[in-house]
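Numbering (the numbering used here), first residue to last: 91 to 432.
Backbone N, C-alpha and C define an ideal beta-carbon position, used for all residues, glycine too.
Since the structure comes first, as structure tokens, the remarks are kept for the end.
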Amino acid sequence: MKGTGALSFIKRPSFLIIGSLIMIILIMPTLIVAPFIHTNDQEAITDKLEQQTPEVHVKDSAVSVAVMRTSSEQVENVPLEEYVAGVVASEMPAEFEIEALKAQSLAARTYIVTHMLHQPATAESAVTDTVQHQVYKDEEELRRTFGTKYDEKMNKINKAVAATQGEILTYNEVPINPSYFSTSNGYTENSEDYWANDIAYLRSVESPWDKNSPKFLDQKTIPITEVEEKLGIDISNNEALSLKISHTEGNRVDQIKIADETFSGRDVREKLKLRSSDFTIEKKNNHLIFTTEGFGHGVGMSQYGANFMAKEGKSYKDILTYYYKGVEISKVSDTAPTLVSR
């Protein structure tokens, strides 16, 4: 009995040890691998969720905009907020800061509301989809423009439009003419220094951020014969160029005398298709070299200036009240109820 008990005692621990080893061999791989499988699954789920950002859509509007489409030569009636999104996507880079896109949304919305208030609701009053009014592209056109980035870019633009839905700029409770342009020369221009009218909210302000814009500086070389033809002047190839120039408060060319003829800076800019009316001229052989600073007419809001302000933490309201003096933000429904009732 003692011999059997001793043998039994010896076998029992051996069996337990062997069994434990088998269990460890079977279970340990699962314990080691499982956390990594779980982590990888979680990362995959997280990545998928991040890629599936909910789309933002602009809401329907009671107001529609009649747009004469260049491609079809037909008038399309586009809901106001959808129109604003199409203008923002066409007029300002989607890569700009969200607050700059919001500021552009108000400028675009205010522009079209002001236009509609001053025009009868007829086919002849339709706005173009070009720079004659505001550049507008529909979904099909923007998909071609943005390509694979369409959803990402339009989501951002729609977010800016939706956040400012129905908001416009007013001065003395009247919707303004919110002119805007790409890049200043460091200052915006007084309205009367480029156009005929002295408009209280379109005053010259500093815009130093614009010097960082990729569109700030440009140079254009034009044959003297072409300048003579477009300006209707005679410049001798053998003589030094004689110029007499005066400047505006915004440091652009106000008046320039070339070959005994006097032009406004705007005239020269538009006839020679220069980027800005802030230009200098250098004569070299049988060409004139025009060096410009800024891009656009310079009146109102600088888009690149707005973006740099947004980068500094300024809100769209800060941006708009800086470039448009004395304005307030109002609702279309309160300021232009006649449009809503059309």
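With burial defined as no fewer than 16 other Cβ atoms inside 10 Å of the residue's Cβ, what is the status of residue i: buried or exposed?
i    : result
L207 : exposed
K192 : buried
L429 : buried
S420 : buried
T278 : buried
T425 : buried
R365 : buried
L333 : exposed
N275 : buried
S405 : exposed
T136 : Reliability fails at T136, whose pLDDT of 43 lies under 50, so the model's placement of it is uncertain and no value is given.
T273 : buried
K239 : exposed
Q222 : exposed
K347 : exposed
T160 : exposed
A175 : buried
Please classify residue i: does DSSP put it in a helix, a strand, or coil?
i    : result
S423 : helix
F398 : helix
N167 : strand
E279 : coil
V203 : helix
Q393 : helix
Q224 : coil
A156 : strand
T273 : strand
T428 : helix
K361 : helix
P313 : strand
P265 : strand
V174 : helix
D68  : No answer is possible for residue 68: it lies beyond the span of the chain, which begins at 91 and ends at 432.
T238 : helix
D219 : coil
K373 : strand
Q255 : coil
Q194 : helix
D408 : helix
L378 : strand
S336 : strand
Compute the Euclidean distance between the alpha carbons of residue i and residue j, then round it to the nearest angstrom.
i    : j    : result
S162 : K249 : 29 angstroms
M399 : E257 : 20 angstroms
L292 : Y414 : 6 angstroms
A156 : Q209 : 11 angstroms
F306 : W299 : 10 angstroms
I188 : I289 : 28 angstroms
V389 : S423 : 28 angstroms
F186 : W285 : 29 angstroms
Q309 : H377 : 13 angstroms
E231 : T218 : 15 angstroms
G384 : T220 : 21 angstroms
K320 : I314 : 10 angstroms
N375 : E418 : 53 angstroms
I409 : I247 : 17 angstroms
T370 : L259 : 36 angstroms
D228 : T200 : 19 angstroms
R234 : N397 : 25 angstroms
M361 : E316 : For clarity, residue 361 is Lys in the given sequence; the question names Met instead. Each residue's alpha carbon lies about 11 angstroms from the other.
Q132 : T411 : Residue placement at Q132 is poorly supported in this model, since its pLDDT is 47, which falls under 50; the coordinates are not used for a value here.
N287 : A152 : 33 angstroms
Q194 : A349 : 42 angstroms
N245 : E263 : 32 angstroms
Less than 6 angstroms between C-beta atoms, sequence neighbours within five positions excluded: which residues of the same chain meet that for residue i?
i    : result
S367 : R342, V343, G355, R356, R359
T204 : P265, N267
L331 : K373
V177 : A198, Q224, Y226
Y173 : V155
F353 : I346
K243 : A184, F236
V168 : V155, V157
A179 : L232, I247
I202 : V155
Enumerate in chain order the residues of its own chain whose CB-to-CB distance from residue i is below 7 angstroms, with the five nearest sequence positions on each side excluded.
i    : result
E339 : N280, D283, S294
G416 : Y261, A290, Y291
S336 : D344, Q345
Y270 : A197, G390, M391, Q393
S303 : T273, Y394
T382 : D308, L364, R365, S366, D368, F369
Since I believe residue j is in contact with residue i (beta carbons under 8 angstroms), could you give me their beta-carbon distance rounded to a whole number of angstroms?
i    : j    : result
I312 : F236 : Contact doesn't hold; Cβ gap of about 35 angstroms is too wide.
G386 : S297 : Contact flag wrong, Cβ pair sits at about 12 angstroms.
E181 : V225 : 5 angstroms
T254 : L170 : Contact doesn't hold; Cβ gap of about 12 angstroms is too wide.
Here's a check: name, in chain order, each residue in its chain whose Cβ is nearer than 8 angstroms to the Cβ of residue i, leaving out the five neighbours to either side.
i    : result
E318 : D324, I325
K401 : E187
A216 : A156, V157, M158, V165
E351 : L321, G322, I323
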